[in-house]
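Below is one structure; the comments refer to it alone.
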């Protein structure tokens, strides 16, 4: 089976398998369908230096062929199986140590089990390696690993792993070597490998307190790698070991993180508060970050009162003034914005946090700064900080934070009107968050995709995406609720259901505990819905808030929103022109198209059809490029009303298609149904539909009949 088919089979058969283990199973199964079904049943946390354990029904097919080899050849194969790099020189050194004829491995090559070159020894199939390794007795494997450890003495990491595999019971010397290897693995191979190494180090540790410390690190690193299920299992084991107060707090933090990603925000926040309160007096430096995390959870829940309580607790911590101020700076800005009395002060504090994020090497601080930049509409800083966090977490194997950074970056692209870039980034984040069980991150991503679907007028897709978080999450996540309601409002606005859109947006705006800041886009839509619903009086409070924010921020982004909203309410053409100039200068092309459409409508009503057509055509071209179908339709209608007749949009070419899209449209043009295309290309019918949905606007067609008239290279 090819990689894509193998991946689908594994997902369908083992949907709960985390990303790290999926990768390992796919590598070792190497397309064998039975292996894909059976390997996940085995011990997936086996040491990385050995293959995954092989069930009898898979190994039995190879055992007869292996059993026909001489004892020396089997030993040679075992050394090659235990030595992950396939290094021929190292294999020869180990065989010499074991007193085995080095030419014995040639017998295995003649039998077709391995291929030998000057650079590497390669097994015919990964399952052969597993069959060799687990077909040997434990004592045989132990002897080989001991010989490998001795031969790898100059390579501390490999020596430590092989020593661990050769050790029965406890051995502090080996445990200490493996701990050092685990620490190095954080920077070399990432947190998943580091966690596995530290877990094995803990198992080899005779002293219970030292074992507890090592198990705690293994637990934290498993969570950092996005292995939440494994982190939960390790946390339960760690609880039974002696930990000091700080260690208990760290363990609670991991458990709270797991609850947070499962969508249990209230439970997560309460655990964080409990941990922080426990250590506040004895270890205030540990309590501070816990309170910050609890405050973050309260903020997401739309509970600013509890967030304010958190600030009071932070103020009482016995910390050096500079440390206390640094902690308070992480929450003061957003809390001041919420109070609404000191916008300028809150914006200034957030600016300081953004500066800290730019100079920090900690991805958590980068993302805190990115989140606060989003609050004040500083979208370029959101992009820069999120991209830095994305690069850092990818390099370090911090899968859990990688997906969060991708969501942040995708949200910035969306607010900037770069719909295709936003969709690609959020989709990438969703693939990861589904793999590792990040329910909270997954629901946020679904909300952003729902907003994109709303802009494109895809009502079924929008409703489906919004239905996901509603089905799988409680009511704790207020920000997700806002995004979902906003998506429905944008859908209503695009489809001409103005009063429904206005009611939704007005309800959100009147929510007592709502978070201020990044609502400017939402308030912009509220003003437009009110005017289009012929109820401009209902836009008054939103317009007043837009004006306050525009004055406090002093940014082109906010000023353009204020100008456009003011133009709508006051019927002022000059404000439209100024808004268009600002949006063009900032590259806010979706917002620019929305403003151009409104201005074109206004010009037509003012009996200036020639200038109206210029702006309406600009809007149409942008909406068409973004596949914003309801807005394309409205621009068409307005152009016709302005005397342009039926406008013509230049068709895109097949060169604009991805390779997969080109395959799909060729088959669709030949008359194949979605289901037939899906069967031929090993895709789902839904994926085929998605490819056609993406390809049609690129080709300038709207249906299969028009598609059939095109020729493809």
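Numbering (this note's numbering), first residue to last: 7 to 719. A virtual CB, placed ideally from N, CA and C, is assigned to each residue, including glycine.
{"Check": "Could you say which of 146, 412, 497 lies nearest to residue 101 if we only look at CA atoms?", "Outcome": "146"}
{"Check": "Could you check how far apart the C-beta atoms of residue 565 and residue 577 are, in whole angstroms? I think they sit under 8 Å.", "Outcome": "That pair is no contact at about 19 Å."}
{"Check": "List the whole-angstrom C-beta distance separating residue 493 from residue 456, where the pair is believed to meet the contact cut-off of C-beta under 8 Å.", "Outcome": "4 Å"}
{"Check": "Rounded to the nearest angstrom, how far is the Cβ of residue 304 from that of residue 313, given a contact under 8 Å?", "Outcome": "4 Å"}
{"Check": "Does residue 426 pass the burial test, meaning 16 or more other C-beta atoms within 10 Å, or should it be called exposed?", "Outcome": "exposed"}
{"Check": "With three or more C-beta pairs closer than 8 Å as the rule, is the stretch 574-593 touching the stretch 365-379?", "Outcome": "no"}
{"Check": "Using a Cβ-Cβ cutoff of less than 7 Å, which residues in the same chain neighbour residue 188 once the five nearest sequence positions on both sides are dropped?", "Outcome": "200, 203, 204, 207"}
{"Check": "How far does the beta strand (DSSP E) with residue 482 in it extend, from its first residue to its last?", "Outcome": "Segment: none, residue 482 is in no beta strand (DSSP E) and carries neither H nor E."}
{"Check": "Comparing C-alpha positions only, which one of 367, 269, 697 sits nearest to residue 665?", "Outcome": "697"}
{"Check": "Check whether the stretch 482-490 and the stretch 440-454 are in contact - that is, three or more C-beta pairs closer than 8 Å.", "Outcome": "yes"}
{"Check": "To the nearest angstrom, how far is it from the Cα of residue 705 to the Cα of residue 619?", "Outcome": "24 Å"}
{"Check": "Mind checking whether residue 720 and residue 674 have CB atoms under 8 Å apart?", "Outcome": "Given that the chain is displayed from residue 7 to residue 719, the structure contains no residue 720 and the question cannot be resolved."}
{"Check": "Express the C-alpha separation of residue 412 and residue 695 in angstroms, rounding to a whole number.", "Outcome": "25 Å"}
{"Check": "With distances taken Cα to Cα, identify the nearest neighbour of residue 605 among 71, 434, 626.", "Outcome": "626"}
{"Check": "Please confirm if the stretch 434-445 is in contact with the stretch 400-416, defined as three or more CB-CB distances below 8 Å between the two stretches.", "Outcome": "yes"}
{"Check": "Where does the unbroken alpha helix (DSSP H) through residue 442 begin, and where does it stop?", "Outcome": "425-442"}
{"Check": "Are there 16 or more other CB atoms within 10 angstroms of the CB of residue 155, so buried, or fewer, so exposed?", "Outcome": "buried"}
{"Check": "Helix, strand or coil for residue 657 per DSSP?", "Outcome": "Only weak support exists for where residue 657 lies, its pLDDT of 42 falling under 50; the coordinates are left without a value."}
{"Check": "Look up residue 652 in the DSSP assignment and say whether it is helix, strand or coil.", "Outcome": "Residue confidence for residue 652 is low, a pLDDT of 45 falling below 50, so the modelled location carries little weight; the figure read from the coordinates is stated next. Three-state DSSP puts residue 652 in coil, outside helix and strand."}
{"Check": "In angstroms with no decimal places, state the Cα-to-Cα distance between residue 656 and residue 703.", "Outcome": "Because residue 656 sits at a pLDDT of 42, beneath the cut-off of 50, its placement in the model cannot be relied upon, and the point is left open."}
{"Check": "Go to residue 128, then tell me how far its beta strand (DSSP E) extends in each direction, as first and last residue.", "Outcome": "127-129"}
{"Check": "For residue 4, is the classification buried or exposed, using 16 other Cβ atoms within 10 angstroms of its Cβ as the cut-off for buried?", "Outcome": "No answer is possible for residue 4: it lies beyond the span of the chain, which begins at 7 and ends at 719."}
{"Check": "Does the Cβ-Cβ distance between residue 87 and residue 128 come in under 8 Å?", "Outcome": "no"}
{"Check": "Taking the alpha carbon of residue 218 as the point to measure from, which residue in 193, 246, 609, 228 has its own alpha carbon closest?", "Outcome": "246"}
{"Check": "Jot down the residue ranges of each uninterrupted alpha helix (DSSP H) in the stretch 374-410, minimum 4 residues, whole runs only, in chain order.", "Outcome": "385-402"}
{"Check": "May I have the straight-line CA-CA distance separating residue 140 from residue 80, to the nearest angstrom?", "Outcome": "12 Å"}
{"Check": "Would you kindly check if the distance between the Cβ of residue 341 and the Cβ of residue 1 is under 8 Å?", "Outcome": "Outside the shown range of the chain, which is 7 to 719, sits residue 1, and nothing can be said about it."}
{"Check": "With DSSP as the reference, label residue 512 as helix, strand or coil.", "Outcome": "helix"}
{"Check": "Measure how close the beta-carbons of residue 420 and residue 458 come, nearest whole angstrom, since I'm counting them as under 8 Å.", "Outcome": "7 Å"}
{"Check": "If residue 277 and residue 249 are in contact, beta carbons under 8 Å, what's the gap, nearest whole angstrom?", "Outcome": "Incorrect: roughly 16 Å between the Cβ atoms, too far for contact."}
{"Check": "For residue 85 and residue 192, what's the separation of their Cα atoms in angstroms?", "Outcome": "27 Å"}
{"Check": "Using only CA atoms, which one of 502, 262, 272, 254 lies nearest to residue 289?", "Outcome": "254"}
{"Check": "Please go through the same chain and pick out, in chain order, the residues whose beta-carbon is closer than 7 Å to the beta-carbon of residue 222, but skip the five residues on each side of it.", "Outcome": "244, 249, 253, 256, 257"}
{"Check": "Assign residue 163 to one of three DSSP states: helix, strand, or coil.", "Outcome": "helix"}
{"Check": "Taking the straight line between their C-alpha atoms, what separation do you get for residue 603 and residue 468?", "Outcome": "24 Å"}
{"Check": "Could you check which residue in 389, 315, 96 has the C-alpha nearest to that of residue 161?", "Outcome": "96"}
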